[in-house]
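There are 2 protein chains.
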Amino acid sequence: MTSAPAAPPRVIETCLYAQDLDAVEGFYGGALGLEMIQSVADRHRFFRADGGMVFLFNPLTTPIPAPPEAKIHVPPHGAHGPGHVCFSSEGPGIEGWEARLAEHGVEIEARVTWPNGARSIYVRDPAGNSVEFAEPKIWGI
Amino acid sequence: MTSAPAAPPRVIETCLYAQDLDAVEGFYGGALGLEMIQSVADRHRFFRADGGMVFLFNPLTTPIPAPPEAKIHVPPHGAHGPGHVCFSSEGPGIEGWEARLAEHGVEIEARVTWPNGARSIYVRDPAGNSVEFAEPKIWGI
């Protein structure tokens, strides 16, 4: 028997990758309206979502280790190719998000109704990541 | 002026990629103790975390579109190379997670204390993704 967590842990950092960080800054900060809390040149943009963070990293720079004199050494990472994230549509709802995305010129790539009745819409961020908005009942949340 | 969401949206699906899904199933389901709620052969393993889902996708199969007769068509995605996720350490705490990970033979790659005093530990999942456990005060959560 191993020590069991009393409850499953909560994700507090969700990461996606983009080589053009200025472009994704406009998408996540503008079209999605997330507050940007940290911007480091060619390395990353950090945004605050509800209850956790959404990080956009440039995979060309995140694999480079910090210089030896740096105070903090974070293990390297960096992925290439389109990732995926899903946001809850609660609040504005699917229609509210469709309206807001249209105002920002973001095209809906797909609309899905799942077997349990939950609806999703899918768009692409400027880096090609697949960004979904779903009714949270999709996972019984 | 565009229609503004009343509050920032919440992430309900955080995705990572792994070609060996059985190996990551043991890590997320075993060492991390997450409940697996869906398993589709060579395509994906879905796990339930607190307040949202953690999805492991095989990037060799997710880019393949569903056959034309499929009822649901989800936009393709699929990333290669190490991604990153961070879980809150609340509950067991950093020491509790260190103990549990050690019992499962998972080596700590790095320990970091951030300028605001929050502590993080980093491990690798079997696919090489960087998995962090952090005290949630790291982001004022």
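As you go down the protein sequences, you meet chains A and B in turn. Quick note: the first sequence, position 9, residue 25 per my numbering, numbers continuous. Quick note: the second sequence, position 97, residue 113 per my numbering, numbers continuous. Even for Gly, the Cβ is constructed at its ideal location relative to N, Cα and C. If you're wondering where the values come from, they're calculated on a predicted model, not measured in any experiment.
(1) Taking the alpha carbon of residue 133 of chain A as the reference point, which residue from A:57, A:83 and A:151 has its own alpha carbon closest?
(2) Secondary structure at residue 173 of chain A, three-state DSSP: helix, strand or coil?
(3) Can you tell which of B:74, B:98, B:128 and B:91 has the C-alpha that lies nearest to the C-alpha of residue 88 of chain A?
(4) At 8 angstroms on the CB atoms, spell out the chain A contacts of residue 101 of chain B, in chain order.
(5) For a contact meaning CB atoms closer than 7 angstroms, what does residue 91 of chain A contact in chain B?
(6) Residue 73 of chain A and residue 94 of chain A: beta carbons closer than 8 angstroms?
(7) Helix, strand or coil: how does DSSP classify residue 14 of chain B here?
(8) Let me see if you follow: with CB-CB separation under 8 angstroms, is residue 142 of chain A close to chain B or not?
(9) Measure from the alpha carbon of residue 123 of chain A to the alpha carbon of each residue in A:130, A:146, A:107 and A:106, then state which is nearest.
(10) Check the Cβ of residue 104 of chain A against every Cβ in chain B and list those closer than 9 angstroms, keeping chain order.
(11) Between the region 47-65 of chain B and chain A, which residues of the former have CB atoms less than 9 angstroms from a CB of the latter, in chain order?
(12) Which term fits residue 98 of chain A, buried or exposed, when burial requires 16 or more other beta carbons within 10 angstroms of its beta carbon?
(13) Is residue 95 of chain B close to chain A, meaning its C-beta is less than 8 angstroms from at least one C-beta of that chain?
(14) Take residue 50 of chain A as the anchor and find which of A:148, A:35 and A:69 has the nearest alpha-carbon.
(15) What did DSSP end up calling residue 117 of chain A once you bin it into helix, strand or coil?
(16) Evaluate residue 38 of chain A with the Cβ neighbour count: other Cβ atoms within 10 Å of its Cβ, from every protein chain shown; 16 or more gives buried, anything less gives exposed.
(17) Using three-state DSSP, classify residue 94 of chain B as helix, strand or coil.
(18) By alpha-carbon positions, which one of A:102, A:103, A:101 and A:140 ends up nearest to residue 120 of chain A?
(19) Would you report the Cα separation of residue 36 of chain B and residue 45 of chain B, rounded to the nearest angstrom?
(20) Using beta-carbon positions only, say whether residue 102 of chain A and residue 28 of chain B come within less than 8 angstroms of one another.
(21) Once the 5 residues before and after residue 25 of chain A are set aside, which same chain residues still bring their CB inside 7 angstroms of it?
(22) Taking buried to mean at least 16 other C-beta atoms within 10 Å of its own C-beta, is residue 148 of chain B buried or exposed?
Looking at the atomic coordinates:
(1) Locating residue 133 of chain A in the first sequence gives position 117, counting from the first residue. Residue 133 of chain A has its Cα closest to that of A:151, out of A:57, A:83 and A:151.
(2) The shown model of chain A, from 17 to 157, leaves out residue 173 of chain A, and the question about it has no answer.
(3) Counted from its first residue, the first sequence places residue 88 of chain A at position 72. With distances taken between Cα atoms, residue 88 of chain A lies closest to B:128.
(4) Residue 101 of chain B sits at position 85 when you count from the first residue of the second sequence. Within chain A, the residues near residue 101 of chain B are 27, 29, 30 and 31.
(5) As a working note, residue 91 of chain A is residue 75 in the first sequence. The answer, in chain order, is 125, 126, 138 and 146.
(6) For the purposes of this step, residue 73 of chain A is taken as residue 57 along the first sequence, with counting starting at 1. For the purposes of this step, residue 94 of chain A is taken as residue 78 along the first sequence, with counting starting at 1. Contact: yes.
(7) Summary: the structure shown does not reach residue 14 of chain B, with chain B confined to residues 17 through 157, and so no result is reported for it.
(8) On the first sequence, position 126 is the one that residue 142 of chain A refers to. Answer no: the Cβ-Cβ gap between residue 142 of chain A and chain B never drops below 8 angstroms.
(9) The residue labelled residue 123 of chain A in the question sits at position 107 within the first sequence. Selected option, being the one with the closest Cα: A:146.
(10) Here residue 104 of chain A corresponds to residue number 88 of the first sequence, with the count starting at 1. Here the neighbours are 25, 26, 27, 28 and 68.
(11) 47, 48, 49, 50, 51, 53, 62, 63, 64 and 65
(12) Residue numbering aside, residue 98 of chain A sits at position 82 when the first sequence is read from its first letter. Looking at its Cβ environment, which holds 16 or more other Cβ atoms inside 10 Å, residue 98 of chain A is buried.
(13) Here residue 95 of chain B refers to the residue found at position 79 when the second sequence is read from its first residue. It does: the Cβ of residue 95 of chain B has a partner Cβ on chain A nearer than 8 angstroms.
(14) Residue numbering aside, residue 50 of chain A sits at position 34 when the first sequence is read from its first letter. If we check each option's Cα against that of residue 50 of chain A, A:69 comes out closest.
(15) As a working mapping, residue 117 of chain A is identified with position 101 in the first sequence. Correct three-state label for residue 117 of chain A: helix.
(16) Counting from 1 along the first sequence, the entry for residue 38 of chain A is found at position 22. It is exposed - the Cβ of residue 38 of chain A has fewer than 16 other Cβ atoms within 10 Å.
(17) Position 78 of the second sequence holds residue 94 of chain B. Three-state DSSP puts residue 94 of chain B in coil, outside helix and strand.
(18) Within the first sequence, numbered from 1, the residue matching residue 120 of chain A stands at position 104. Closest by alpha carbon: A:140.
(19) Taking the first residue of the second sequence as position 1, residue 36 of chain B is located at position 20. Taking the first residue of the second sequence as position 1, residue 45 of chain B is located at position 29. Those two C-alpha atoms are separated by around 14 angstroms.
(20) Position 86 of the first sequence, counting from 1, holds the residue named residue 102 of chain A. Position 12 of the second sequence, counting from 1, holds the residue named residue 28 of chain B. The answer is yes: Cβ separation under 8 angstroms.
(21) Taking the first sequence and counting its residues from 1, the one referred to as residue 25 of chain A is at position 9. Taken in chain order, the list of residues that qualify is empty.
(22) Within the second sequence, numbered from 1, the residue matching residue 148 of chain B stands at position 132. The residue in question, residue 148 of chain B, is buried, as its Cβ has 16 or more Cβ neighbours within 10 Å.
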